[in-house]
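First the structure, in the form of structure tokens, and then the observations on it.
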Amino acid sequence: MSVFMDLNVISSNDKNRLKCILETAAHLGYSTVAINYVVEPQQKKPEIPQPRCVSDIFDKFPIVQGKSSPIKVLNRLTIVASDASHFRPTNEYKNFDLVAVYPKTEKLFHAACMTFDVDIICIAVTEKQPFHFKRAPVNGAIDRGVFFEICYAAAIRDNILRRYTISNAFVLMELCKGKNIIVSSGAERSLELRGPYDIANLGLVFSLSDGDAKAAVSTNCRSVLLHGETRATAFGVVHTMKKPQTPEKQQEETPAPKKAKIELV
Amino acid sequence: MVRFKSRYLLCEVCFSERSNLPLLEDKAIYHTLRAAVNRAHGDYGSAHFNIGVMVKYLNAHTGVVLIRCRKGHYRLIWSALTFITCLENRGQRVPCFFNCLHVGGTIRTCQKFLVKYNRQQLDRMLLDCKTDAEKQEVRRAILSCSLSAVREEEAYEDSSDDNEEI
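As they're listed, the protein sequences go chains V and D.
Going by full-length UniProt numbering, 237 is the number at position 237 of the first sequence; the sequence numbering is gapless.
Going by full-length UniProt numbering, 106 is the number at position 106 of the second sequence; the sequence numbering is gapless.
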């Protein structure tokens, strides 16, 4: 049994609702859930929300179905970009475990695939895809390890949105051939979540193969998490941390080079 | 002679409020399923639905449903299950969703899985217990499950009764 993840649960100020969603997710067997903060910039300088501390929501996290560990909760930022100036990586982005972008135009989609420092690129599910996907940027994104996301909550909510979701998914699958896809919920209420095996089966509708569909809810999500971690480090190899102040002072008092000189003489 | 092969989908119906559980009925589930398959896959889906789809078992206390499909197209039926949002019963619309627990080739494998699953639920319940009396009750139920494979049947009955009590 693999580890299932749901990397898109819409955040809300209503604590009880969030609690209810997380409890349902744990019951369904998701071990990791990311709370999504969507930013839709209107003006030039968008305000980035401060992610709420995850330990605020629960005193004790619910235990995952079939496992003995509690559910892991992450924060994720999604930027709805309709202009190139909307996406500017600042220090505020670093508060989030994952960063996603939802490009509205073809130019931005190209930039998101090739240059933007993001983990996830969202695909339109509530409207007909406003532009054609090109092979070059999609391949570029696959090479860089950026993942494409399909949300299924809209498909569950409404008949017409379901058509858009499926047709957009079809177009994308033609180009990326089932690689680098994650399927996540985008749920606003607890009843919009579905079990991981149901979603793996839903891959049939999205024209994913069996293995790819299962990877879309398990191993691909893990790659996204690891990719998110490398953003905080230098190439995923070097990680810098601020040292506590006290030991530095001691070093200043006894300068090392002088001491070494004496020993030489 | 080769028998007709089927797939059995063992599903759990999840409600937001547990008080809605006794509302479950074979007929209501069958009609909801048929409507969902028709909406998702049109006439083609409905045609497949008419042959061989049946609600075999329903436990109104735990909300577990066993659905039989033909082996050839069970994934079609299953994908329609995902899009169910509410259950219509006696003129009431109850929001709910189906969560597939297990897909088996025979009823027997599904039953085995269900026994195991219900026991797991008791373990989870033990953590949520507040009073000592509740804890004792759940502990007793868990012990009664693990006696022996021969008593699986009875144990299953016990565990489902306990689910109802708590």
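We treat Cβ as the ideally placed atom computed from N, Cα and C, and that holds for glycine.
Interface residue (Cβ-Cβ distance to chain D less than 8 Å): D198 (chain V) is classified as such. In the displayed model, V99 (chain V) falls within a strand according to three-state DSSP. Under DSSP, M1 (chain D) takes part in no beta bridge, so it has no partner. Around the beta carbon of V33 (chain V), a 10 Å sphere encloses 16 or more other beta carbons of the protein chains shown; the residue is thus reported as buried. For the pair S190 (chain V) and D198 (chain V), the Cα-to-Cα distance works out to about 16 Å.
Along the region 52-74 of chain D, there is no position whose C-beta sits under 7 Å from a C-beta of chain V. Interface residue (Cβ-Cβ distance to chain D less than 8 Å): I150 (chain V) is not classified as such. In this chain, the beta strand (DSSP E) harbouring C11 (chain D) covers 6-15.
Closer than 9 Å at the C-beta level to chain D, one finds these residues of the region 167-199 of chain V: R189, S190, L191, E192, L193, R194, G195, Y197, D198, I199. Residue-level contact by beta carbon holds for V205 (chain V) and chain D, with a gap shorter than 8 Å. Membership of Q111 (chain D) in the alpha helix (DSSP H) is indicated by the continuous run 107-128. For a cut-off of 8 Å, the C-beta gap from F98 (chain D) to V13 (chain D) is around 6 Å, short enough to register as a contact. M54 (chain D): member of the beta strand (DSSP E) spanning 54-59, first to last residue. CA-CA distance, A100 (chain V) to L28 (chain V), rounds to 25 Å. Pairing K179 (chain V) with I142 (chain V), the inter-Cα distance amounts to about 8 Å. Secondary structure note for K27 (chain D): it is in no beta strand (DSSP E), and the uninterrupted alpha helix (DSSP H) holding it is 26-50. In this structure, the alpha-carbon of H227 (chain V) lies about 10 Å from that of N220 (chain V).
Near chain D, meaning a CB-to-CB distance below 7 Å, the residues of the region 50-64 of chain V are I63.
Residue burial annotation: K214 (chain V) is buried, with at least 16 other C-beta atoms found within 10 angstroms of its C-beta. Approximately 7 Å separates the beta-carbon atoms of C100 (chain D) and W78 (chain D); this is inside 8 Å, confirming the contact. The region 166-183 of chain V and the region 114-128 of chain V touch, with no fewer than 3 CB-CB distances between them shorter than 8 Å. Across the structure, Q120 (chain D) and G66 (chain V) are spaced so that their CA atoms are roughly 7 Å apart. Residues are counted here when their Cβ sits less than 7 Å from a Cβ of chain V; for the region 98-111 of chain D these are N99, C100, given in chain order.
For V9 (chain V), the pairing in a beta bridge is given by DSSP as V:I35, V:A187. By the neighbour-count criterion, in which a residue is buried when 16 or more other Cβ atoms sit within 10 angstroms of its Cβ, V125 (chain V) is buried. Taken in chain order, the complete alpha helix (DSSP H) segments of 4 residues or longer contained in the region 121-205 of chain V are 135-144, 153-157, 159-176, 196-202. Within the model, the alpha-carbon separation for S68 (chain V) versus Y117 (chain D) is close to 15 Å. Chain V places no beta carbon closer than 8 Å to that of S6 (chain D), leaving this residue out of the contacts. A distance below 8 Å between beta-carbons, with the five flanking residues on each side excluded, links V2 (chain D) to no residue of its chain. At least one CB of chain V lies nearer than 8 Å to the CB of F83 (chain D). The beta-carbon of I156 (chain V) is placed less than 8 Å from the nearest beta-carbon of chain D.
The Cβ neighbour count for D6 (chain V), taken over all protein chains shown within 10 Å, is at least 16; the residue is labelled buried. Rounded to the nearest whole angstrom, the C-alpha separation of K72 (chain V) and S31 (chain V) is 6 Å.
One finds nothing in chain D with a Cβ atom closer than 7 Å to the Cβ of N16 (chain V); even the nearest lies about 12 Å away.
The Cβ atoms of S207 (chain V) and F148 (chain V) lie no closer than 8 Å to each other.
It is roughly 12 Å from the alpha-carbon of N159 (chain V) to the alpha-carbon of Y152 (chain V).
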